[in-house]
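Student: This is the structure I want to talk about, given as C-alpha cells.
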Amino acid sequence: MMARLSAPLALALAALAYFIPAVSGGAPVVYAACTTIAILAVMAYGADLILSYLGEVSLGHTIFWATGGYAASMLAVNYGWNGWATAAAAIVAAVVLACVLGLVTLRTREFVFSLVTYAAAVVAMEVAFNWSFLGGSDGIVGVPPLVLTIFGWGVSGAANTDLWPIAWLLLMATLLFIHRFRRSRLGTSALMVQMNPDLATALGVDARRVRLAVFVTSAPISALAGWLYAYQRAYVGPDMFESYFLVLMLTAIVIIGRRLLLGPLIGTALIIVQQTFFSIGGDGDKIILGAVLAAILLLWPKGLIGLWDVAARRLRSSA
Amino acid sequence: MTDSLEAIGITVRYGGNVAVDGIDVAVPAGRMVGMVGANGAGKSTLINAIAGWSRGTPVVRGEVRLAGQKMDGLPPHRRAERGLVLVPEGKGIFAELTVMENLALVRPPADTRGRHAFSMDDIFTLFPRLAERRGHKGRMLSGGERQMVAVSRALRAAPAVLLLDEPSAGLAPRLVHELLTTMRGLVDRGLSLLLVEQNARATLELVDELYLLERGKVVAREAASDMKDDPRILEAYLGNLTA
Amino acid sequence: MNLTQQVINGLVLGSGYALVAIGWTVLLGAARLVNFAHGQLYMLAAFLAWAAMQKLGVSYFVAVPLSVLALGLLGVALQGMMQRLVMQQNLTSLMIVTLGFGYVIQGSAARIFGGDPQTFASPLEKASVHLGELWFTWQDVVTLVGTLLLFGVLWLVLNRTRLGALVRSVAEDPKLAQLFGINAAQVYIGVFVFECAAVALGAGLVAPRSPILASMGFDEVILTFVVVVLGGIGSVGGSLLAGFGLGMFTALFGALVSPAYTTAAAFLVLLTVLVVRPGGLAAR
Numbered sequence: 001m002m003a004r005l006s007a008p009l010a011l012a013l014a015a016l017a018y019f020i021p022a023v024s025g026g027a028p029v030v031y032a033a034c035t036t037i038a039i040l041a042v043m044a045y046g047a048d049l050i051l052s053y054l055g056e057v058s059l060g061h062t063i064f065w066a067t068g069g070y071a072a073s074m075l076a077v078n079y080g081w082n083g084w085a086t087a088a089a090a091i092v093a094a095v096v097l098a099c100v101l102g103l104v105t106l107r108t109r110e111f112v113f114s115l116v117t118y119a120a121a122v123v124a125m126e127v128a129f130n131w132s133f134l135g136g137s138d139g140i141v142g143v144p145p146l147v148l149t150i151f152g153w154g155v156s157g158a159a160n161t162d163l164w165p166i167a168w169l170l171l172m173a174t175l176l177f178i179h180r181f182r183r184s185r186l187g188t189s190a191l192m193v194q195m196n197p198d199l200a201t202a203l204g205v206d207a208r209r210v211r212l213a214v215f216v217t218s219a220p221i222s223a224l225a226g227w228l229y230a231y232q233r234a235y236v237g238p239d240m241f242e243s244y245f246l247v248l249m250l251t252a253i254v255i256i257g258r259r260l261l262l263g264p265l266i267g268t269a270l271i272i273v274q275q276t277f278f279s280i281g282g283d284g285d286k287i288i289l290g291a292v293l294a295a296i297l298l299l300w301p302k303g304l305i306g307l308w309d310v311a312a313r314r315l316r317s318s319a
Numbered sequence: 001m002t003d004s005l006e007a008i009g010i011t012v013r014y015g016g017n018v019a020v021d022g023i024d025v026a027v028p029a030g031r032m033v034g035m036v037g038a039n040g041a042g043k044s045t046l047i048n049a050i051a052g053w054s055r056g057t058p059v060v061r062g063e064v065r066l067a068g069q070k071m072d073g074l075p076p077h078r079r080a081e082r083g084l085v086l087v088p089e090g091k092g093i094f095a096e097l098t099v100m101e102n103l104a105l106v107r108p109p110a111d112t113r114g115r116h117a118f119s120m121d122d123i124f125t126l127f128p129r130l131a132e133r134r135g136h137k138g139r140m141l142s143g144g145e146r147q148m149v150a151v152s153r154a155l156r157a158a159p160a161v162l163l164l165d166e167p168s169a170g171l172a173p174r175l176v177h178e179l180l181t182t183m184r185g186l187v188d189r190g191l192s193l194l195l196v197e198q199n200a201r202a203t204l205e206l207v208d209e210l211y212l213l214e215r216g217k218v219v220a221r222e223a224a225s226d227m228k229d230d231p232r233i234l235e236a237y238l239g240n241l242t243a
Numbered sequence: 001m002n003l004t005q006q007v008i009n010g011l012v013l014g015s016g017y018a019l020v021a022i023g024w025t026v027l028l029g030a031a032r033l034v035n036f037a038h039g040q041l042y043m044l045a046a047f048l049a050w051a052a053m054q055k056l057g058v059s060y061f062v063a064v065p066l067s068v069l070a071l072g073l074l075g076v077a078l079q080g081m082m083q084r085l086v087m088q089q090n091l092t093s094l095m096i097v098t099l100g101f102g103y104v105i106q107g108s109a110a111r112i113f114g115g116d117p118q119t120f121a122s123p124l125e126k127a128s129v130h131l132g133e134l135w136f137t138w139q140d141v142v143t144l145v146g147t148l149l150l151f152g153v154l155w156l157v158l159n160r161t162r163l164g165a166l167v168r169s170v171a172e173d174p175k176l177a178q179l180f181g182i183n184a185a186q187v188y189i190g191v192f193v194f195e196c197a198a199v200a201l202g203a204g205l206v207a208p209r210s211p212i213l214a215s216m217g218f219d220e221v222i223l224t225f226v227v228v229v230l231g232g233i234g235s236v237g238g239s240l241l242a243g244f245g246l247g248m249f250t251a252l253f254g255a256l257v258s259p260a261y262t263t264a265a266a267f268l269v270l271l272t273v274l275v276v277r278p279g280g281l282a283a284r
C-alpha cells in the first residue's frame with residue numbers, strides 16, 4: 001500500500017506535513033510538540049532498522065541517541081563548531097561506537113544480544129554520569145542556538161519555531177533513507193537473514209556481515225536525532241540514557257506495526273500527543289506508555305495494523 | 001468389531017498448502033494398521049494431527065474419536081492422558097534426561113480400563129537393554145536405544161491406541177525387524193497400533209491392514225493379506241518405495 | 001586495605017548477586033524468557049516489605065515472607081498474560097513486553113510509594129560482629145547462608161526429583177514434553193512464580209543495605225544479568241560461581257581502583273568473555 005504511493009503524492013504529503021504546526025494554530029506548544037515528534041521519530045527509526053528488518057531487539061540505541069546529543073553540545077559549547085560540523089561529528093562518533101558494539105555482539109543473538117546492548121547502555125550512562133569530561137551528573141548546559149547555513153541561506157535559532165524546519169527536513173530525509181533502505185540490497189538481505197537464515201546462507205549472504213552493516217547504518221540515524229535534541233533543549237545530560245527513550249522507541253515501532261514505513265512516525269506522534277495534551281502526570285504517563293507497549297504485543301502482536309487486517313477480512317467475508 | 005480409534009475427514013493446512021486432504025482412518029481394537037507412502041505424502045502430518053501435535057502451526061479440521069470419545073480440540077497432553085499416545089518421528093526423548101528420568105516423567109493413569117498398562121518390570125522385560133542403561137542420559141544412547149526409550153515412554157502412559165511415526169528411521173534393518181516384531185507382539189496381546197512407515201515391505205509383513213497415501217489422500221486401503229497377494233499393488237505402490 | 005575484610009565483603013556481595021539472579025537463571029533456562037522487569041520486581045518487593053513494616057506495623061521477619069507471597073501472586077498474573085507468547089516462544093516480543101511491564105510497575109510504584117528514597121531497615125543489619133579488625137553484620141551472615149541453602153535445595157530439586165526433570169524437559173523441548181503428557185503452560189507458570197518469589201527474597205535480604213527508590217530498576221540489579229550470562233544461561237551452579245566471582249571482583253576493584261566504575265569494569269569482563277565464549281563460561 002505504502003510502496004505504491006507515487007513520488008508526487010509523497011512530496012505533496014511531505015509538504016503538507018510542513019504546515020501542520022502553522023495550520024494547527026501556530027502556538028509555541030504546537031511547534032514544540034511537532035518538533036519533538038519529528039526528533040523522537042527519527043530516533044525511533046534508528047532502532048526500527050534493527051527491530052523491523054533484522055528482527056533483533058537493540059536496547060542500546062539510547063547510546064547513539066546520547067552520542068549525538070553529547071557530540072553536538074560538547075563541540076558547540078567548548079569549540080563553537082557550527083551545526084554542520086557538529087552533525088558530522090555526531091555521525092562519525094555514532095558509527096565508531098556502533099562498530100565497536102556491533103563487533104563485540106557479532107556472535108550473540110536473540111536475548112544475549114539484547115542483554116548486552118542493554119548493559120552497554122547502562123554502563124555508558126554510568127560513564128557519562130561519573131566522567132567530568134562529559135559533564136558528569138550535571139551534563140552540559142548552555143548549548144548555543146543551532147546555526148546551519150548553505151550558500152548564504154540558512155537557519156539559525158533555538159526556539160521550536162526556528163528548529164521546526166530543520167526537524168521536518170531531518171524527518172523527511174530519514175523517511176527517504178528508510179524507504180531506500182527497504183529496497184536496497186542490504187535491506188532485502190537483512191529481511192532474508194531474519195525470515196530464512198538457511199536460505200540466505202545458501203544464496204551467499206553473510207548473515208554476520210549483514211547484521212553488522214545494518215547495526216552500523218542504524219546508529220547515525222538515532223545520533224542525528226540526539227544532535228537536534230541537544231539544540232532543542234540547550235542542555236544534554238545522562239538522562240538521555242533513561243529507559244524512557246528506550247521504551248518510547250520500542251512502543252513507537254510496535255504500536256502501528258513493524259516494517260511499515262510510516263509506523264514509527266505515527267506511533268511517536270500518538271505518544272507525544274498523549275503526553276503533551278492529555279498527560280496524567282509523569283508517573284501516570286509512564287504507566288500508560290508501558291501498558292500500551294505490553295498490551296499491543298500481548299493482544300495484537302502485529303500492531304494496530306493487524307486489527308485493520310482483521311476488520312478488512314470481516315468486511316470482505318460479510319459482503 | 002469396535003474401532004479403538006476413528007479419525008474422520010482429517011484435513012491439515014500449512015499456510016495455503018493442503019498437506020492432508022480429508023482422510024478417514026480407523027484402527028480396530030487389538031489390530032495393527034499400517035500407513036505407507038512416499039516422502040511428503042502426508043503420513044507424519046496425519047498421525048501428528050490425530051495426536052493433536054505439531055512443531056509448526058497447521059490448521060487441522062476433522063474429527064478424532066478414541067473409543068467413541070471426542071478428542072479433537074484437546075491439547076496433546078490431554079489426549080496422551082486419555083490414552084492416545086504418539087511416538088513422534090525423529091527426536092522422541094529428552095537428551096538431557098536419563099533413561100529413568102525420561103520414563104518417570106510419564107504419570108501412568110490411575111484408571112486403566114480399556115488401556116494397556118506396563119509396569120517398569122514389563123518394560124525392562126521387553127527391552128532388557130534399557131535396564132542396563134537406566135542411568136545414562138539420552139544423548140549417550142545409540143539410535144536403537146533411543147527408539148526403545150521413546151516407545152517405552154509411550155507404553156508407560158498406558159496407551160489405548162499407540163501412534164508410532166517411522167520408528168525405523170535411521171536404524172539398522174536388524175533393529176527395525178526386532179522393534180517391529182516386539183510391537184506386533186504387543187498387538188497380539190490386545191494393543192491397538194497405528195504405524196506410519198516408509199519401509200513398506202517390512203510393514204506389510206506385520207500389519208493387519210494397510211493404507212496407501214499419495215499427496216495427502218488415501219489411494220488404497222486393504223487387508224494386508226490381500227495386498228500381499230496382489231503383485232500389481234505391490235508393483236504400483238511399493239516397488240519405488242523399497243527400491 | 002585489609003585483604004581479608006575485602007574477601008568477606010566480596011563473599012557477601014557475591015551471595016547477594018547470586019541470590020537476586022537465581023530466579024532469572026531458572027527462568028531463562030526453562031522458558032528462555034528474558035524478564036526485563038526483573039529490576040522493577042526487585043524494587044517492588046523491597047517497597048512492599050517496607051510498606052508492610054510501616055503501614056501494617058509487622059516486623060521485618062513477617063514483612064519479607066509477605067512480599068515473597070505477593071510477588072508470587074503477581075507472577076501468576078503476569079505469566080497468565082504472557083502465556084500465549086511463551087507457548088509460541090515468541091522471544092522478541094516477550095522481551096519487549098517485560099520491558100513494558102517493568103515500566104508500568106515503576107510508574108505505579110512511584111505513584112503509590114512516592115518518589116522519595118526510603119529506609120527499608122532490617123534489625124539484622126544493626127547487629128554486627130567484630131572479629132579483630134574484621135567486621136560484618138548478621139544480615140550478611142543470613143544472606144550468605146540463605147543463598148547457599150537456597151542454591152543447594154534448588155540444585156537437589158532440579159537434578160534429583162521428578163519436578164526437576166519436568167522443568168528440565170520443558171527447557172529442552174516444550175513441544176516434546178506435551179507428548180509426555182506434560183502441561184508445559186503449568187511449568188512456565190511455576191517457573192515464573194519462582195522467579196518472582198526468588199527476586200522478592202533477594203530484595204528482602206539485599207535491599208536493606210541501601211536506601212530504596214521507586215526509580216531504581218534494572219540498573220540496581222544490572223550486575224545480576226552479568227551473573228546470569230557469565231554463569232551460562234540456565235546453569236544454577238554456574239550462577240553461584242559467577243555470583244561469587246563477580247562479588248570478589250567488585251569488592252576488590254572498588255577498593256583498589258575506583259568504586260564509581262565497578263559496573264563498567266564488571267561489564268568489560270563480561271564483554272571479553274562473550275567475545276571469547278558467546279555462550280558464557282559454563283557453556284559446553
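So the sequences go chain by chain: A, B and C. Using full-length UniProt numbering, read the first sequence as starting at 1 and increasing by one per residue. Using full-length UniProt numbering, read the second sequence as starting at 1 and increasing by one per residue. Using full-length UniProt numbering, read the third sequence as starting at 1 and increasing by one per residue. Backbone N, C-alpha and C fix where the C-beta goes; we use that ideal spot for every residue, glycine too.
#1: So, is L163(C) buried or exposed, given that buried needs 16 or more other C-beta atoms within 10 angstroms?
#2: If you measure from the beta carbon of A19(B) to each beta carbon in chain C, is any gap under 7 angstroms?
#3: So V196(B) contacts chain C; which residues on that side make the cut at Cβ distance below 9 angstroms?
#4: Looking at the secondary structure, which residues open and close the alpha helix (DSSP H) in which I256(A) lies?
#5: Under the three-state reduction of DSSP, which class applies to V276(C): helix, strand or coil?
#6: For Y17(C), name the three-state secondary structure that DSSP assigns.
#7: Give a single yes or no on whether G144(B) has its beta carbon closer than 6 angstroms to a heavy atom of the ligand NAP.
#8: Under the three-state reduction of DSSP, which class applies to K217(B): helix, strand or coil?
#9: Between P238(A) and A98(A), how many whole angstroms is the CB-CB distance? I'm expecting something under 8 angstroms.
#10: To which residues of the same chain is P220(A) closer than 7 angstroms at the C-beta, ignoring the five residues directly before and after it?
#11: Taking the alpha-carbon positions, what's the G72(C) to A45(C) distance?
#12: Just list the residues that DSSP pairs N17(B) with in beta bridges.
#13: Does F118(B) have its Cβ less than 7 angstroms from a Cβ in chain C?
#14: Mapping the DSSP letters down to three states, classify T262(C) as helix, strand or coil.
#15: Within the same chain, show all residues whose beta-carbon is closer than 6 angstroms to that of A52(C), passing over the 5 residues directly before and after it, in chain order.
#16: Looking at the structure shown, is W131(A) part of a helix, part of a strand, or coil, going by DSSP?
#17: How long is the line joining the alpha carbons of F278(A) and G25(A), rounded to whole angstroms?
#18: Report the residues of the stretch 109-134 of chain C with a CB closer than 7 angstroms to any CB of chain B, ordered along the chain.
#19: Nearest CA to the CA of E209(B): which residue from P109(B), K137(B), D72(B) and S192(B)?
#20: Strictly under 7 angstroms for the Cβ-Cβ distance: is G29(C) near chain B by that measure?
#21: For E101(B), which residues from the same chain have a beta carbon less than 8 angstroms from its beta carbon, with the 5 sequence-adjacent residues on both sides left out?
#22: With 7 angstroms as the threshold, decide whether the Cβ of R284(C) is near any Cβ in chain A.
#23: Measuring only between beta-carbons, confirm whether T272(C) sits less than 7 angstroms from chain A.
#24: Have a look at S93(C) and L175(A) and give me their C-alpha separation to the nearest angstrom.
#25: Using a threshold of 7 angstroms, state whether the C-beta atoms of L105(B) and S169(C) are closer than that.
#26: Using Cβ-Cβ distances below 7 angstroms, what residues of the stretch 170-189 of chain C are close to chain B?
#27: Taking the alpha-carbon of N199(B) as reference, which of V36(B), G30(B), E81(B) and H77(B) has the nearest alpha-carbon?
#28: What is the residue span of the alpha helix (DSSP H) that M82(C) lies within?
#29: Measure from the alpha carbon of I256(A) to the alpha carbon of each residue in P301(A), Y231(A), A234(A) and W81(A), then state which is nearest.
#30: Counting only runs that start and end within the stretch 55-122 of chain A, where is the alpha helix (DSSP H) found for 4 or more residues in a row?
#31: Have a look at E96(B), R133(B), G144(B) and A154(B) and flag the residue whose alpha-carbon is nearest the alpha-carbon of S119(B).
#32: Applying the 10 Å Cβ sphere with the 16-neighbour rule, what's the burial state of H130(C)?
#33: Please decide whether S235(C) counts as near chain A, where near means a Cβ-Cβ distance under 7 angstroms.
#34: Quick check: is the beta carbon of P76(B) nearer than 7 angstroms to any beta carbon in chain C?
#35: Just the C-alpha distance for V145(C) and L246(C), rounded to the nearest angstrom, thanks.
#36: Can the beta-carbon of L106(A) be found less than 7 angstroms from the beta-carbon of V214(A)?
Tutor: Walking through what the data contain:
#1: Flag for L163(C) reads exposed.
#2: False, the Cβ-Cβ gap to chain C never drops below 7 angstroms.
#3: Residues of chain C with a Cβ closer than 9 angstroms to the Cβ of V196(B) do not exist, since the nearest Cβ in that chain sits about 15 angstroms away.
#4: For I256(A), the enclosing alpha helix (DSSP H) stretches over residues S243 to I256.
#5: In the structure shown, V276(C) falls within a helical segment according to DSSP collapsed to helix, strand and coil.
#6: In this structure, Y17(C) counts as helix in the three-state DSSP scheme.
#7: Although the ligand NAP was asked about, the structure shown includes no ligands whatsoever.
#8: Three-state result, K217(B): strand.
#9: Separation of the CB atoms of P238(A) and A98(A) is rounded to 20 angstroms, and the pair is thereby denied contact status at 8 angstroms.
#10: Taking C-beta separations shorter than 7 angstroms and ignoring five residues to either side along the sequence, the partners of P220(A) in its chain run I91, A94 and V95, following chain order.
#11: Cα-Cα distance, rounded: 10 angstroms.
#12: Looking at the DSSP assignment, N17(B) forms a beta bridge with Y14(B).
#13: Contact with chain C is absent for F118(B), since none of that chain's Cβ atoms lies less than 7 angstroms from the residue's Cβ.
#14: Of the three classes helix, strand and coil, the one that applies to T262(C) here is helix, per DSSP.
#15: Short of 6 angstroms from the beta carbon of A52(C), and not among the five residues preceding or following it, lie these beta carbons of its own chain, in chain order: V58, A63 and L66.
#16: Residue state, collapsed to three classes: coil.
#17: Computed Cα separation, rounded: 18 angstroms.
#18: Going along the stretch 109-134 of chain C in chain order, one finds no residue with a Cβ nearer than 7 angstroms to chain B.
#19: Nearest C-alpha to E209(B): S192(B).
#20: No, its Cβ sits nowhere closer than 7 angstroms to a Cβ of chain B.
#21: Closer than 8 angstroms at the Cβ level, and outside the excluded window around E101(B), lie F94.
#22: Annotation note: pLDDT 47 at R284(C) (below 50); position unreliable, coordinate value reported separately. For R284(C), no Cβ of chain A is located within less than 7 angstroms of the residue's own Cβ.
#23: Interface residue (Cβ-Cβ distance to chain A less than 7 angstroms): T272(C) is not classified as such.
#24: In this structure, the CA atom of S93(C) is about 25 angstroms from the CA atom of L175(A).
#25: Against a cut-off of 7 angstroms, the Cβ pair of S169(C) and L105(B) comes out as a contact.
#26: If the cut-off is 7 angstroms between Cβ atoms, the stretch 170-189 of chain C has E172, D173, K175, L176, Q178, L179, F180, G181, I182 and N183 near chain B.
#27: Looking from the CA of N199(B), the closest CA among V36(B), G30(B), E81(B) and H77(B) belongs to V36(B).
#28: Following the DSSP letters along the chain, one finds M82(C) inside the alpha helix (DSSP H) bounded by residues Y60 to M87.
#29: Checked all of P301(A), Y231(A), A234(A) and W81(A); the closest Cα to I256(A) is P301(A).
#30: Fully enclosed alpha helix (DSSP H) runs of no fewer than 4 residues occupy 61-79 and 83-104 of the stretch 55-122 of chain A, in order along the chain.
#31: Ranking the options by Cα distance to S119(B), first place goes to A154(B).
#32: It counts as exposed.
#33: Cβ-Cβ to chain A under 7 angstroms: no for S235(C).
#34: Yes, P76(B) lies at the interface with chain C (some Cβ there is under 7 angstroms from its Cβ).
#35: Taking the straight line from one Cα to the other gives about 18 angstroms.
#36: No, the Cβ-Cβ distance between L106(A) and V214(A) is not below 7 angstroms.
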